[in-house]
Structures are given as structure tokens and as C-alpha cells.
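Step one of this worksheet: look at the structure below.
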Amino acid sequence: MTWEAVIGLETHVELSTASKMFCGCPARFDAEPNTNICPVCLGLPGALPVPNREAINRIMQIGLALNCSVTRRPVFHRKNYFYADLPKNYQISQFDLPVCVDGYLEVGGDHPGRIRIERVHQEEDTGKSTHRGGDGRISAAEYSLLDFNRSGVPLVEIVTRPDIRSAAQARAYAQELRLLVEALGVSDARLEEGSIRFDANVSVRAGPRAPLGTKVEIKNMNSFRSLERAVSYEIERQTARLSSGQRIVMETRHWDEEAGVTRGGRIKEGSSDYRYFPDPDLVPMELDRDWEDGMAALLPELPSVRRVRYEEMGIDAAQAANLVGAEAGLAQLFEDAVEAGAGAPQAANWATGEVVASLRKAGIPSVGGSSLTGSSLAELLGMIRQGTLSGSAAREVLAGVIAGEGSPAEVAAGRDLLQISDTGLLESVVDELIAANPDEFARLKDGERKLVGFFVGQVMRNTRGKADPKLAGTLITERAGL
Amino acid sequence: MAFTTIVGAARALRDGSVTSVGLAEQVLQRTSMVEAQLHAYLTLDSDGLMEAAARADEELAAGSDRGPLHGIPIAVKDNMTTRHMETTAGSRILSGYVPPYDATAIRRLRDAGALIAGKTNLDEFAMGSSTENSAFGPTRNPWNTDRVPGGSSGGSAAAVAAGMALGGLGSDTGGSIRQPASLCGVVGAKPTYGAVSRYGLIAFASSLDQIGPIAHRVEDAALLLDAISGHDPLDSTSYPGGIEPSGARLGGGLDGVRVGVARRLGGADAVEPDVEAAFDRALAAMEGAGAVTLEVDLPSTEQGLSAYYLIAPAECSANLARFDGVRYGLRVDGATTEQMMSRSRADGFGPEVTRRVLLGTFALSAGYHEAFYGQAQKVRTLIREDFARAYRQCDVLVSPTSATTAFPLGDRTEDPLSMYVSDVFTIPSNLAGHPAISVPVGLDRHDLPIGFQVMAPALEEAVMFQVAAAVESLAGFDTTVPFDPSYGLRGGVR
Chain A
66 MTWEAVIGLE
76 THVELSTASK
86 MFCGCPARFD
96 AEPNTNICPV
106 CLGLPGALPV
116 PNREAINRIM
126 QIGLALNCSV
136 TRRPVFHRKN
146 YFYADLPKNY
156 QISQFDLPVC
166 VDGYLEVGGD
176 HPGRIRIERV
186 HQEEDTGKST
196 HRGGDGRISA
206 AEYSLLDFNR
216 SGVPLVEIVT
226 RPDIRSAAQA
236 RAYAQELRLL
246 VEALGVSDAR
256 LEEGSIRFDA
266 NVSVRAGPRA
276 PLGTKVEIKN
286 MNSFRSLERA
296 VSYEIERQTA
306 RLSSGQRIVM
316 ETRHWDEEAG
326 VTRGGRIKEG
336 SSDYRYFPDP
346 DLVPMELDRD
356 WEDGMAALLP
366 ELPSVRRVRY
376 EEMGIDAAQA
386 ANLVGAEAGL
396 AQLFEDAVEA
406 GAGAPQAANW
416 ATGEVVASLR
426 KAGIPSVGGS
436 SLTGSSLAEL
446 LGMIRQGTLS
456 GSAAREVLAG
466 VIAGEGSPAE
476 VAAGRDLLQI
486 SDTGLLESVV
496 DELIAANPDE
506 FARLKDGERK
516 LVGFFVGQVM
526 RNTRGKADPK
536 LAGTLITERA
546 GL
Chain B
100 MAFTTIVGAA
110 RALRDGSVTS
120 VGLAEQVLQR
130 TSMVEAQLHA
140 YLTLDSDGLM
150 EAAARADEEL
160 AAGSDRGPLH
170 GIPIAVKDNM
180 TTRHMETTAG
190 SRILSGYVPP
200 YDATAIRRLR
210 DAGALIAGKT
220 NLDEFAMGSS
230 TENSAFGPTR
240 NPWNTDRVPG
250 GSSGGSAAAV
260 AAGMALGGLG
270 SDTGGSIRQP
280 ASLCGVVGAK
290 PTYGAVSRYG
300 LIAFASSLDQ
310 IGPIAHRVED
320 AALLLDAISG
330 HDPLDSTSYP
340 GGIEPSGARL
350 GGGLDGVRVG
360 VARRLGGADA
370 VEPDVEAAFD
380 RALAAMEGAG
390 AVTLEVDLPS
400 TEQGLSAYYL
410 IAPAECSANL
420 ARFDGVRYGL
430 RVDGATTEQM
440 MSRSRADGFG
450 PEVTRRVLLG
460 TFALSAGYHE
470 AFYGQAQKVR
480 TLIREDFARA
490 YRQCDVLVSP
500 TSATTAFPLG
510 DRTEDPLSMY
520 VSDVFTIPSN
530 LAGHPAISVP
540 VGLDRHDLPI
550 GFQVMAPALE
560 EAVMFQVAAA
570 VESLAGFDTT
580 VPFDPSYGLR
590 GGVR
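Chains as they are written, first to last, in the working numbering: chain A, 66 to 547; chain B, 100 to 593.
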């Protein structure tokens with residue numbers, strides 16, 4: 066039997082607004098614990114929430130970028146559950162009228178598909194618990210510390226329909242979503258800092274037409290790799306169970322990165338009863354057509370569109386994906402270089418290859434932090450094309466430019482790296498070599514053509530790499546009368 | 100002479116016949132004589148009051164006049180947060196809790212120059228109609244200390260009636276300002292929902308709660324309301340537009356005013372004969388003054404009480420979830436966080452609060468949500484439509500405020516339902532979000548005050564106060580409680 070995996074993803078994106086969702090506190094939670102707090106985000110008696118308009122702007126941009134429709138009168142609901150780091154013991158979230166619904170995200174690459182988006186809703190984040198003593202888990206802890214800096218930070222939840230069919234596709238979706246959010250500039254979009262978090266719902270069924278199997282929710286994946294591994298593990302686990310006639314239990318499982326397994330937690334009996342009801346402290350918002358149009362106008366070029374544009378510039382799909390997926394500064398460098406006259410494929414190769422390597426070697430974290438510009442890259446590539454720099458010399462020039470030694474021409478001159486394309490100069494070098502290696506030259510003349518390489522190598526050595534190897538090769542074959 | 104009205108005291112302050120310090124001494128002296136009998140205050144801030152009074156006098160002497168409330172001692176219900184002053188909501192779970200901020204209404208009172216004399220007793224979290232549900236013991240009625248003052252703003256109503264402050268603030272979710280005002284013989288008004296910011300009002304039922312004034316005179320109540328009302332960016336539900344000042348039409352009289360008589364509002368029956376008689380006398384006087392009366396029927400309001408007892412508990416079950424022993428208030432330790440929360444709540448909440456939290460939790464549960472909470476919201480819409488229909492025919496509606504006068508302590512505590520029906524006349528205005536005011540119009544055979552309710556459409560406070568002032572003047576009721584300096588207040592408790 067062929068088993069089919071059915072996967073849905075829930076993604077939490079923390080918005081990088083200046084202030085929190087329902088109060089004026091800074092939305093930064095890297096500060097000293099409990100410093101960015103006020104009566105509202107601490108849930109003090111009498112405090113009331115007031116929605117952050119900028120957060121609403123941003124969720125609309127996310128929704129529109131995901132091809133969703135905007136709800137004209139979305140409603141905030143209270144989601145009731147008791148937890149020590151949830152100050153009001155209810156979370157302001159959304160239920161049947163989220164800000165955006167019914168969109169999709171196209172995933173390309175090796176796992177193409179259109180993943181439908183069910184809803185994009187706005188909510189507030191909770192505080193953060195740290196359990197001390199025992200094994201760091203709440204059950205064995207001696208005491209727990211609470212930091213409410215994160216409490217009330219605006220959170221957007223993006224829920225897909227169960228359209229994902231493999232672990233690799235789940236990863237591709239997650240990566241594409243992160244690119245999108247990064248392009249929108251609405252979030253720091255850093256997985257390692259938890260500003261994007263993924264939960265996966267995984268089930269397995271007996272082929273595409275079989276009814277859906279029992280789903281299991283997996284949590285605690287903090288990288289794309291662990292997302293893919295966790296989903297993959299879970300698919301295998303469920304397939305093995307079903308193949309041997311066992312049942313799948315509806316539950317929430319946690320991914321254990323070190324052990325590479327998902328572990329069962331609490332059993333879900335149906336869905337939890339959160340007793341949702343409209344928050345009477347918040348009046349329904351009116352997201353009218355004008356507001357929506359204003360947000361649509363703010364949308365930047367989306368990654369999918371940019372990839373197509375790059376391909377149309379003559380770059381292959383993989384390289385276009387590389388550029389779009391790279392640090393924003395590299396793509397900009399590429400575009401600036403092309404603007405300054407560089408050929409697109411060459412500029413793309415250098416931006417994603419040599420530039421990245423040189424920066425890493427120089428210990429510079431981003432292209433923006435170096436003195437390399439698009440026009441200097443274009444100049445460098447131009448020198449290669451004109452034959453004034455060899456490939457290896459160009460790499461050295463690039464390092465010099467990155468180190469701030471000046472323009473490519475200045476660095477090449479300063480480091481004495483300009484290619485010798487002067488025929489007269491090279492002829493004397495070639496003649497010296499012929500005189501010094503009469504046996505080899507005789508064999509070459511007899512037709513042993515591979516010795517051209519030997520002589521070109523000698524020319525390059527004697528000119529410390531500055532000779533134009535093509536020109537040297539031509540001179541040698543001419544001398545040999547071939 | 101003793102001052103009981105804000106307008107009178109304000110005039111005397113400016114003609115130099117009294118100082119703010121003198122007013123503060125007056126209310127403190129009266130408090131020292133009757134507080135042991137009444138228990139109206141949970142916190143009396145004598146020192147703060149005297150200091151603030153001295154500052155108010157200095158300001159006035161220096162020519163800086165903040166307006167009619169300048170230097171006037173006010174009593175505030177203890178469910179509004181006051182910076183540096185304990186705020187308990189009448190609950191053990193908040194005993195000793197000192198908020199770090201002032202409620203908007205409190206801040207506006209202070210900005211207007213008013214002095215906060217102290218925090219008054221209430222039914223725990225404003226849940227009740229007699230102030231007997233306070234965790235700190237009941238308040239008694241200054242007209243007869245064997246009787247309840249009504250509730251839940253019983254402390255403020257009793258304090259104002261007994262002269263322990265010249266005015267007060269209460270909160271009204273289902274009648275909690277108007278019913279105690281009625282039972283204590285003073286004026287009490289619930290504004291339009293959204294007229295006064297709820298920021299800093301410890302929430303009971305967010306879609307119904309409103310802060311409002313309690314005073315001896317309708318014009319005093321209007322002054323207080325105008326000081327605290329207006330848009331507040333900290334409360335999303337506060338009304339964003341301007342509202343005509345409540346006191347704008349106080350001398351307007353009744354000529355040609357169309358008065359709808361809602362005698363059976365909320366399906367009321369068993370109205371006490373003395374209450375009914377006083378109501379009819381007031382109506383006749385209004386007609387004599389030129390009012391046009393007509394009997395109106397608001398049939399949907401019969402479901403008001405049931406709808407209220409689903410909506411209010413549902414909202415309170417979430418509003419009170421934050422009291423868990425984690426961040427503030429009472430904490431009873433347990434082996435786990437869950438146990439600590441559960442023990443803190445079990446010990447911290449009284450029986451009525453527990454009952455309503457359980458009721459509300461149940462009403463919102465999966466499978467019951469639509470049948471209970473959903474239905475109740477539909478009733479609310481029907482009630483609004485009933486009011487809208489009635490207001491096509493009339494400018495204001497009138498009814499008794501309470502079917503009975505002040506009842507004896509303990510009379511209704513055994514049977515929650517008998518307590519709940521105390522609010523049958525007042526609840527419809529909360530469900531509709533409309534303003535309503537209670538004005539004292541007379542005494543019953545036991546010398547207990549009787550209140551008369553005037554209701555108006557949303558944001559029509561000025562018309563409501565106009566009619567209320569006329570009713571007050573026609574009734575000529577003397578709000579002074581019988582007080583014998585050597586004996587104290589009337590009643591069995593001294």
C-alpha cells in the first residue's frame with residue numbers, strides 16, 4: 066500500500082512593531098526582564114486593551130501578500146485558559162472573523178505546489194516562563210521565573226489547509242513564507258530568536274483518495290532543518306504504526322532535536338474548550354476598501370515575482386532562487402552591478418559565490434558592512450571581460466576592494482595584478498622560455514600539443530599570474546609553427 | 100452650617116464663607132460620628148484629604164480655580180484604581196492591593212480639583228444588590244441601619260446620604276448606582292455606555308459596566324458626570340465624539356416633554372404599594388407641570404433579567420480569571436502552579452462571585468455557548484429595538500427605580516434569585532447601553548426613601564437631567580437623613 070502524508074502548518078510570526086499589540090510598551094523583549102511592562106500587558110485590575118493600528122497594517126500586508134481576502138469587520142475574541150505566563154488568563158486572539166482568510170502561497174523548486182492558506186489572524190504573545198531547579202521542566206521545577214516583556218507583543222498566526230504532502234515540501238513552504246515575511250519587512254523573521262515559530266499537523270492515509278487519518282500536532286522545531294526532520298520522522302512513525310495495524314492517537318508531540326524523535330505529551334481529547342467569545346473591551350474594526358488598498362500599495366516586490374524577473378534577466382532558476390534567498394544586501398549588490406553594466410549571469414555568480422566567500426574570509430557579516438558596491442563589482446567584472454584581470458587576480462582584487470583599499474582599478478594597480486596582454490612583452494617571455502627548454506620545444510614542434518599547457522604554465526609562473534593565458538598560448542603555438 | 104450639596108459648597112468656597120479644609124473637616128467629623136454604624140468606607144484617607152484640601156485652598160487663594168468641584172470631598176467606590184491607595188473591589192483576593200495608577204475617572208476628578216476622601220464599600224467585584232457581599236462586612240442604610248443601603252455601590256450611596264462626602268462615584272452594571280441611590284434617598288446616574296472611560300474600573304461585565312455619579316442634587320450629579328466623561332484613548336469602547344454637557348438644560352422644565360411610562364419595565368410585578376403611589380404622585384405632578392405622559396410597553400425587557408444573568412456572568416468569568424495569585428493579591432501556596440491558582444481563587448472569592456464565575460464558565464462552554472450566551476445577545480438586540488420603538492413616541496421613559504424600598508439585612512441573602520430581581524427596573528438600560536438616573540421622590544410608611552427612574556436614549560444625558568431636575572423640584576424631597584448628634588442614626592445598630 067502507498068501511504069500518503071497530509072500536512073498542515075501553523076506559523077506564528079512576531080511583528081517588529083515599535084509598540085505592543087494593545088499598549089504602548091516597546092515590543093522588544095531582549096531587555097532586562099520585566100522592564101517593558103505596564104498595567105495593560107501585566108493584566109492589572111482595571112487595565113484595558115487598545116489595538117495597535119500599525120500591527121493591523123502589517124497583518125493586512127501579510128494577508129494580501131498571501132493572496133487572502135480581507136475581512137471587513139474582523140473581531141477579537143478572548144481565548145480562555147489558565148497559564149502563569151498569560152497575565153489575564155485569556156489571550157486576545159481571533160476566532161470566526163480573522164483579519165484575512167482564503168489565500169495561498171506558491172512553493173517552487175523541487176517540491177512545487179500551491180499551498181492554500183486558511184486564515185491569517187492577529188493575537189498577542191504571552192510572557193515567558195523559566196523553570197529553575199529539577200530538569201528545567203515545569204513538573205520538576207523548584208520555582209519558576211516570569212518575564213512579561215514579551216507579553217502583548219503582536220503575533221500573527223498563519224494557518225494552511227492540509228495541502229502539504231512531504232517533509233521537504235513543508236520545509237519549502239516554511240522557507241518561502243519566511244522569505245515573504247522578510248521581504249515585507251514586518252518582522253525580524255529570525256527563527257533562532259523565535260520571531261517565527263512553526264507547528265505542524267501531520268497525518269497519514271492510505272492513498273490520495275482515502276479519508277484523512279488521525280492528526281498529530283508537533284511542536285518545538287526551531288530551524289527549517291528540524292522542521293523537515295520532525296515531519297519526516299513523524300510520517301515514518303505513523304506509517305510504521307498503521308502498517309502494523311496500530312492506531313494513531315490524537316496528541317501533541319514535541320520534537321527532540323538531539324534524539325531526532327518526536328515525543329508524546331498530553332493527549333488531546335477532541336479540541337480544548339477555550340470558551341471563545343468576542344472581547345467586549347474591543348469594538349469591531351472597520352477594515353474598509355481604502356485601508357486595504359493603501360496596504361496593497363505598500364507591498365514590495367514579492368520573492369516569487371523577483372525570482373521570475375531574475376530568470377528573465379538570463380539567470381538560471383537555481384541561481385535566481387539563491388539570490389532571492391540570500392541576504393537582502395547581496396541581491397541589491399547584484400542588481401546594482403547589473404545596473405552599472407555588468408552581465409547578469411556573471412554578476413549573479415560572483416554575488417552568490419566569490420563575494421560571499423570573500424566576505425566570510427574577511428570576517429564581515431554582511432555586504433552592507435563592507436565597502437563593496439554594485440558599481441565596483443561591475444568594474445571588476447568588466448576588467449575580467451577586457452582581459453586586464455585574470456580570474457585568480459580578480460579574486461585578489463575583490464578582497465582588496467572589500468578591505469577598503471579602493472576601486473578595483475586602484476587595487477589591481479596597487480597590488481600589481483594587471484594582466485600582461487602586451488604582445489611584445491609576452492613574446493620576450495615566451496622566447497626566453499623556448500631558449501631555456503629546447504627539448505620540450507622540439508617535442509612540441511613535432512606535434513606533442515599537450516606541451517602548450519606546459520609552456521603557458523611556465524609563462525604564468527614567470528609573470529606571477531599576470532599574463533593573459535590565452536595570448537600566451539597563441540604566441541607559443543605560432544612559434545612552434547602549428 | 101453643614102454643607103450637603105456640591106453647588107452650595109462651591110458657592111460658599113468662593114464667597115469665603117467656608118474653606119476646603121473646613122469642608123474636609125466637616126465630612127471627617129460626620130464620618131467619625133456615623134461610620135461605626137454604617138461601615139461605608141473601606142479606606143478613609145483622612146490625612147490625604149486634609150492635605151489635598153489645604154492645597155485646594157492655596158490654589159483658590161492664588162486665583163487658580165479648577166471649577167465647581169475644586170476643593171470638594173468625594174467618596175469613590177473601591178473598584179476604581181487609585182494610585183498609592185488600596186483598591187480591593189470588596190474582595191479578599193485583592194486585600195492589601197495598591198494599584199500603580201489612577202483610573203481615568205479618578206484622574207479627571209483630581210484634575211477638576213476634587214478631593215478623594217476615601218474608597219467605599221461594595222458587593223464583592225460589584226456583584227450584588229445590598230452590599231452584603233463585601234468580603235469586609237456589609238454597609239448599612241443611613242435612613243435605618245437595620246436595612247441594607249442597596250448595592251453594589253452601597254458604600255458610596257450611604258456615604259453621600261450621610262454627609263461623609265459631598266458626592267460620590269459608583270459603578271452600574273445592572274443598577275448598581277441607581278438602586279442604592281434609590282434606597283439611600285440620593286440621586287444616582289448611569290451614563291450612556293462609553294460616556295465615561297472604564298480604564299481603571301475593575302471589570303465585572305465589560306459590555307455593561309459604567310461609572311457614574313451619586314449626589315444629593317441632580318445638578319451636583321451633572322457636575323460630577325461632566326467632570327469625568329469624555330473620550331479616553333485608553334478605553335476603546337469610550338465614545339469618540341462630543342456629548343452635550345449633562346447640565347446644559349437643567350432649567351428646561353417639563354412643558355411639552357413626552358414621557359413614556361414604563362410601569363412594567365423588565366416584567367416587574369409586586370411593586371410595593373407605597374412605591375407605586377409615590378411614582379403616581381410624581382407622574383401627576385409632572386403632568387401638572389406640562390409633561391405629556393403615555394403608557395408604553397417594552398415586552399422584550401421581560402427577558403432582560405435572564406439575559407443579564409447570562410451575559411454578566413459570562414464576561415465576569417473571563418474578567419476575573421486574572422485573579423490567580425501569580426502577580427498580585429492573595430496567594431495560597433500549593434504543590435503545583437495550578438493548585439496554587441485554584442486555592443488562591445477558592446479562598447479569595449466569596450460565594451456570590453464563585454457562583455457567577457461558574458455560571459459564566461458554563462454558559463460559554465462548547466455546546467452551550469449558542470443556547471445561552473448567543474441567545475442572551477439576541478435578547479439584548481430585541482431590547483434595544485423595544486427602546487427604539489418607545490423613543491419614537493417619547494423623549495424619556497420613567498419607572499420606579501426599585502420595586503421595594505430598603506430591605507432588612509439578611510432578608511435576601513439566602514435566596515440569590517430574590518436578590519437578583521432587585522434590579523428588574525434597572526437592568527434594561529444597561530443592556531441597551533442607555534443613560535438612566537434615579538431621583539428620590541418621597542418616603543414610604545417606614546420612612547424609607549423611594550426612587551424615581553428617568554431613562555433617555557443614548558447620549559441624551561442633557562434631556563435626562565433636565566427631566567430629573569424637574570422631578571426633583573416637584574417632589575421637594577429633603578435628602579437629609581434623620582440624625583441625632585447624641586443618638587446617631589436611626590435603627591437598631593449603633
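Heads up, the beta-carbon is just placed ideally off N, CA and C, and yes, glycines get one too.
{"Asked": "Have a look at PHE160(A) and THR76(A) and give me their C-alpha separation to the nearest angstrom.", "Found": "16 Å"}
{"Asked": "Answer yes if the region 195-203 of chain B comes into contact with the region 116-126 of chain B, meaning at least three C-beta pairs across the two stretches below 8 Å, and no otherwise.", "Found": "no"}
{"Asked": "What are the start and end residues of each continuous beta strand (DSSP E) run of 3 or more residues lying completely inside the region 525-587 of chain B, in chain order?", "Found": "535-542, 548-554"}
{"Asked": "If contacts are defined as beta-carbon pairs under 8 Å, then ILE380(A) and ALA409(A) qualify, I think. What distance do you get, rounded to the angstrom?", "Found": "6 Å"}
{"Asked": "Return the CA-CA distance between LEU463(A) and ARG450(A), expressed in angstroms with no decimal places.", "Found": "15 Å"}
{"Asked": "Excluding the 5 residues flanking ALA475(B) on each side, which residues of the same chain have their C-beta closer than 6 Å to its C-beta?", "Found": "ALA406, LEU409, ILE410"}
{"Asked": "What residues of chain E sit near SER305(B), judged by a beta carbon separation below 9 Å?", "Found": "Absent from the structure is chain E; the protein chains it does hold are A and B."}
{"Asked": "Distance, Cα to Cα, ARG277(B) vs GLY359(B)?", "Found": "19 Å"}
{"Asked": "Between which two residues does the alpha helix (DSSP H) containing ARG374(A) stretch?", "Found": "368-377"}
{"Asked": "ARG137(A) lies in the beta strand (DSSP E); which residues open and close that run?", "Found": "Premise fails: ARG137(A) is in no beta strand (DSSP E) and is neither H nor E."}
{"Asked": "If I measure Cβ to Cβ from LEU516(A) and keep anything under 7 Å in the same chain, skipping five residues before and after, which residues do I get?", "Found": "GLU505, ARG508, LEU509"}
{"Asked": "Applying the criterion that 16 or more other CB atoms from any shown protein chain within 10 Å of the CB defines a buried residue, is TYR292(B) buried or exposed?", "Found": "buried"}
{"Asked": "What are the start and end residues of the alpha helix (DSSP H) that includes ASN122(A)?", "Found": "118-130"}
{"Asked": "Which word fits VAL314(A), buried or exposed, when buried means at least 16 other C-beta atoms lie within 10 angstroms of its C-beta?", "Found": "exposed"}
{"Asked": "Taking 8 Å as the cut-off, does the region 489-501 of chain A touch the region 456-473 of chain A (at least 3 CB pairs, one atom from each stretch)?", "Found": "no"}
{"Asked": "Have a look at LEU445(A), LEU277(A), GLY518(A) and flag the residue whose alpha-carbon is nearest the alpha-carbon of PRO227(A).", "Found": "LEU277(A)"}
{"Asked": "What's the call for GLU444(A), buried or exposed, on a 16-neighbour Cβ count within 10 Å?", "Found": "buried"}
{"Asked": "Taking all protein chains shown into account, do 16 or more other C-beta atoms lie within 10 angstroms of the C-beta of SER598(B), making it buried, or fewer, making it exposed?", "Found": "Since the first residue of chain B shown is 100 and the last is 593, residue 598(B) is not available in this structure."}
{"Asked": "So with CB distances below 9 Å, who are the chain B contacts of LEU210(A)?", "Found": "Per Cβ cutoff of 9 Å: no residues; LEU210(A) is ~12 Å from chain B at best."}
{"Asked": "Taking just the CA atoms, how far does PRO345(A) sit from PRO114(A)?", "Found": "10 Å"}
{"Asked": "Inspect the beta-carbon positions of LEU353(B) and MET179(B) and report whether they are closer than 7 Å.", "Found": "no"}
{"Asked": "Please return the same chain residues whose Cβ sits closer than 6 Å to the Cβ of GLY390(A), not counting the five positions on each side in sequence.", "Found": "none"}
{"Asked": "Return helix, strand or coil for GLU334(A), following the three-state DSSP convention.", "Found": "Residue placement at GLU334(A) is flagged as unreliable, the pLDDT there being 49, under the threshold of 50; a coordinate-derived value is accordingly withheld."}
{"Asked": "Relative to chain B, which residues along the region 148-168 of chain A have a C-beta separation below 8 Å, given in chain order?", "Found": "ALA149, PRO152, LYS153, ASN154, TYR155"}
{"Asked": "Less than 7 Å between CB atoms is the rule here; does ARG421(B) satisfy it with respect to chain A?", "Found": "yes"}
{"Asked": "Against GLY217(A), what residues of chain B qualify as contacts under a CB-to-CB distance less than 8 Å, listed in chain order?", "Found": "Residues of chain B passing the Cβ test: none, with the nearest at roughly 14 Å."}
{"Asked": "Taking Cβ to Cβ, would you say VAL246(A) is nearer than 7 Å to VAL373(A)?", "Found": "no"}
{"Asked": "Are VAL538(B) and ALA261(B) close, meaning C-beta to C-beta below 7 Å?", "Found": "no"}
{"Asked": "Let me know the secondary structure DSSP gives GLN187(A) once reduced to three states.", "Found": "strand"}
{"Asked": "Just to confirm before moving on: does the CB-CB distance between PRO74(A) and PHE263(A) stay below 7 Å?", "Found": "A small correction: the amino acid at residue 74(A) is Leu; Pro does not occupy that position in the sequence shown. In this structure, PHE263(A) lies closer than 7 Å to LEU74(A) by Cβ."}
{"Asked": "For ASN266(A), which of helix, strand or coil comes out of DSSP?", "Found": "strand"}
{"Asked": "According to DSSP, is PRO219(A) part of a helix, a strand, or is it coil?", "Found": "strand"}
{"Asked": "Alpha carbon to alpha carbon, how far is MET563(B) from ASP167(A)?", "Found": "49 Å"}
{"Asked": "Within the continuous beta strand (DSSP E) that includes GLY359(B), where are the two ends?", "Found": "357-360"}
{"Asked": "What does SER84(A) pair with, by DSSP beta-bridge criteria?", "Found": "PRO91(A)"}
{"Asked": "Are the CB atoms of GLY217(B) and ARG165(B) within a distance shorter than 7 Å?", "Found": "no"}
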